[in-house]
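Using the UniProt record's numbering, the first residue of the sequence shown is number 1, and each one after it goes up by one. Cβ coordinates follow ideal geometry from the N, Cα and C atoms, glycine included. Fair warning: this is a prediction, and the values are worked out from it, not measured in the lab.
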Amino acid sequence: MNACADERLFDWDIFCRVVDNFGDIGVCWRLAKGLAGDHGLAVRLWIDDLEAFSRLCPEISTVDGQSFAAGVEIRCWKRDFPSVAPAAAVIEAFGCELPESYLAAMAARPSPPPWVNLEYLSAESWVDDCHRMASPHPRLPLLKHFFFPGFSPRTAGLLRERGLIDARDRFRAQPALRDALLRALGVATPPPGTRLISLFAYAHPALAALLARWANGDEPVLLLVPEGPVVEDVMRFFGDDGAVAGACRRGGALTAAVLPFVDQERYDRLLWACDVNFVRGEDSFVRAQWAAQPFAWHIYRQEQDAHRIKLEAFLDRYTATMERSAAAAVRQFWLAWNGWGDIGSAWCPFEAALPAISAHNRSWAQALASAPDLTSSLVQFSRNAVK
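Written out as structure tokens, the structure is:
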């Protein structure tokens, strides 16, 4: 397979399939932006569903039939894969399997490019031994390495773009920025003393018990719910079968506002603006940790409760240095939030522990930020591989 002579040569190709809930593409889009923006590299992102991706990245522009955003070229990954020259380094995200013609082009090069399979994030101890593990292709002279994000020094770290922590702190230091964000999202500035909670979760039939706690509580709560599966559960609590972005419902001390689907930068600011964040999957889970506010993780369900092992592994790491009663409250609430307990009753000790959790999360985020970030780890790995 011969590439066109005038074709642009890329430093990185990233292949990603858009699956439900935007989790995989959310990670890959942050990674692509980091490689291009933080490291000045030429990046081409191959996606099998550009229409779905456009919701996450509405700023895509098309010039001469080619699509770009944030310095990254966006290409549609079709069944009939085009004839292109492989990039200098290749990422296969989450085992999505590269096109056969592309693999053949990689193998045809005198020195095949470094090939990385980016794995899902896990706090389990076994990933330390599997990070950078090599796997030869069964037919072609190619070697794939498994790359694991993680929380220990023996993993690749977490996605963290340059300037993220400083941007968070500047936002927090200026309350007017929070109010401006809320207005842009169609939400009025809440009265002083209102607790802001963001809710980004999978469908959650048991949510009503927690909403009832907030509605019957003494403290006013403003619940900010980006468009997604859990909106129906929230609206059902208010006796409403459905709602669109901009809808607002009130009951007792609880006000719930449905937000439009937002891009990643605005979602980060939403996390920074809230006192408590409920997140799901992988991308928002990591961003909640950089936000350094109390949070709860709705983990993606797996068969035979395999996701509980993953959840407990993170809790073990995350709460290891947390004050004991706060750690117990976090574990109880997170397990209940994921289906192993009553979330209504588990909220009370979690709420009482919020000051201690907040202090811990600031230290936790600072410790994570002292480690190499995932994008830099990938860049260093590729450079070492071609020496």
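One or two residues paired with residue i in a DSSP bridge
| i | result |
| --- | --- |
| Pro249 | It should be pointed out that residue 249 corresponds to Arg in this sequence rather than to Pro. Answer is Ala256. |
| Glu199 | Residue identity check: residue 199 is Leu in the sequence provided, not Glu. Paired residues: Phe278. |
| Glu119 | In the DSSP output, where bridge partners are listed per residue, Glu119 has none listed. |
| Val221 | Arg195, Leu254 |
| Phe237 | Paired residues: none, contrary to the question. |
| Glu92 | Phe15, Asn117 |
| Pro190 | In DSSP, Pro190 forms no bridge with anything. |
| Trp297 | Val279 |
| Pro226 | Leu259 |
Cβ shell of residue i (< 6 Å), same chain only, five flanking positions each side left out
| i | result |
| --- | --- |
| Ala89 | Trp12, Pro113, Pro114, Ser382 |
| Val116 | Ile91, His145, Phe147 |
| Ala369 | Ile165 |
| Phe350 | Ala329, Phe333 |
| Ala247 | Val258 |
| residue 390 | In this structure the chain extends from 1 to 387, so residue 390 is not present and cannot be described. |
| Gln380 | none |
| Gly26 | Asp283 |
| Phe10 | Ala42, Arg44, Ala87 |
| Lys33 | Ala70 |
Nearest neighbour of residue i, chosen from the options [CA to CA]
| i | options | result |
| --- | --- | --- |
| residue 422 | Gln66, Ala52, Leu223, Asp38 | This structure cannot settle anything about residue 422, because the visible part of the chain is limited to 1 through 387. |
| Leu374 | Leu315, Phe151, Leu185, Glu303 | Phe151 |
| His360 | Leu335, Gln289, Ala257 | Gln289 |
| Ala257 | Val286, Arg266, Leu199 | Leu199 |
| Tyr120 | Leu143, Pro191, Phe94 | Phe94 |
| residue 426 | Pro136, Glu232, Arg250 | Because residue 426 is not part of the residues shown, which for the chain are 1 to 387, the question remains open. |
| Glu265 | Ala107, Ala367, Ala167, Ser61 | Ala167 |
| Arg170 | Arg139, Trp272, Pro153, Asp38 | Trp272 |
| Ala292 | Pro58, Pro141, Arg172 | Arg172 |
| Glu124 | Trp46, Pro175, His137, Phe314 | Phe314 |
| Cys28 | Ala367, Glu303, Leu118 | Leu118 |
| Ala36 | Ile74, Asp49, Asp128 | Ile74 |
| Trp364 | Val262, Pro294, Ala306 | Pro294 |
| Pro149 | Val127, Arg331, Leu140 | Val127 |
| Phe285 | Ala107, Leu159, Ala203 | Leu159 |
| Arg79 | Ile47, Thr62, Glu59, Phe261 | Ile47 |
| Pro177 | Glu312, Ala367, Asp268, Val231 | Per the sequence presented here, residue 177 reads as Leu, with Pro not at that position. Looking at the Cα atoms, Asp268 is the closest of the given residues. |
| Pro175 | Leu270, Pro260, Gly217 | Leu270 |
| Arg162 | Lys310, Ala85, Leu31, Gly217 | Leu31 |
| Gly193 | Pro220, His204, Ala203, Tyr202 | Pro220 |
Beta carbon proximity, residue i to chain C, threshold 8 Å
| i | result |
| --- | --- |
| Glu73 | Among the protein chains of the structure shown there is no chain C, as only one such chain exists. |
Other residues of its chain near residue i: CB distance less than 7 Å, five sequence neighbours each side excluded
| i | result |
| --- | --- |
| Cys96 | Phe15, Cys16, Arg17 |
| Ala212 | Gly344 |
| Arg362 | Ala292 |
| His307 | Ile299, Tyr300, Arg301 |
| Arg317 | Ala123, Phe151 |
| Trp77 | Phe15, Trp46, Ile47, Asp48 |
| residue 388 | Within the shown structure, residues of the chain are numbered from 1 to 387, placing residue 388 beyond reach of any answer. |
Cβ shell of residue i (< 8 Å), same chain only, five flanking positions each side left out
| i | result |
| --- | --- |
| Ser111 | Val386 |
| Asp6 | Any reading at Asp6 needs caution, since the residue's pLDDT is 40, under 50, leaving its predicted position unreliable; the model's value is listed next. Closer than 8 Å at the Cβ level, and outside the excluded window around Asp6, lies no residue. |
| Leu142 | Leu103, Met106, Ala107, Pro112, Trp115, Pro136 |
| Met1 | For Met1, the predicted structure reports a pLDDT of 38, less than 50, and the residue's modelled location is therefore unreliable. The matter cannot be settled from this model. |
| Ala3 | Reliability of the predicted coordinates at Ala3 is poor, the pLDDT of 43 falling under 50, and the value obtained from them is presented with this limitation in mind. So the qualifying residues of the chain are Ser83, Val84, Ala85, Ala105. |
Review point. With a cut-off of 8 Å, do at least 3 Cβ pairs link the region 333–348 to the region 356–365?
Key: Contact fails: fewer than three Cβ-Cβ distances are below 8 Å.
Check your understanding: If you pair each beta-carbon of the region 269–282 with each one of the region 240–251, do three or more pairs fall below 8 Å?
Key -> Result no; under three Cβ-Cβ pairs closer than 8 Å.
Point to revise | Three CB pairs or more closer than 8 Å across the region 170–182 and the region 202–216 | key: Taking a cut-off of 8 Å on C-beta distances, the region 170–182 does not touch the region 202–216, as fewer than three cross pairs fall below it.
Review point. Any chance the region 101–112 sits against the region 54–74, with 3 or more Cβ pairs inside 8 Å?
Key: The answer is no - the region 54–74 does not touch the region 101–112, with fewer than three Cβ pairs under 8 Å.
Check your understanding: Any contact of the region 49–56 with the region 130–138, i.e. 3+ C-beta pairs under 8 Å?
Key -> Output reads no: the region 130–138 does not touch the region 49–56.
Review point. Are at least three pairs of beta-carbons, each pair with one atom in the region 185–197 and one in the region 313–331, less than 8 Å apart?
Key: No, the region 185–197 is not in contact with the region 313–331.
Check your understanding: Looking at C-beta atoms only, is the number of pairs between the region 210–227 and the region 286–302 that lie closer than 8 Å three or more?
Key -> With contact defined as three or more Cβ pairs closer than 8 Å, the region 210–227 and the region 286–302 are not in contact.
Check your understanding: Do the region 22–29 and the region 246–257 touch if we need at least three Cβ pairs shorter than 8 Å?
Key -> For the pair of segments examined, the region 22–29 was found not to touch the region 246–257: the number of CB pairs separated by less than 8 Å stays below three.
Practice item. Go through the region 6–90 residue by residue and report every complete run of the alpha helix (DSSP H) that reaches 4 residues or more, in order. Key: You should have 23–37, 50–56.
Check your understanding: Quick one: complete alpha helix (DSSP H) runs, 4+ long, within the region 124–149?
Key -> Entirely contained in the region 124–149, the alpha helix (DSSP H) runs reaching 4 residues are, in chain order, 127–130.
Exercise for review: Only counting runs of 4 or more residues, tell me where the alpha helix (DSSP H) segments fall wholly within the region 334–386, in order along the chain.
Suggested key: Segments of the alpha helix (DSSP H) lying fully in the region 334–386: 343–352, 354–369, 374–385.
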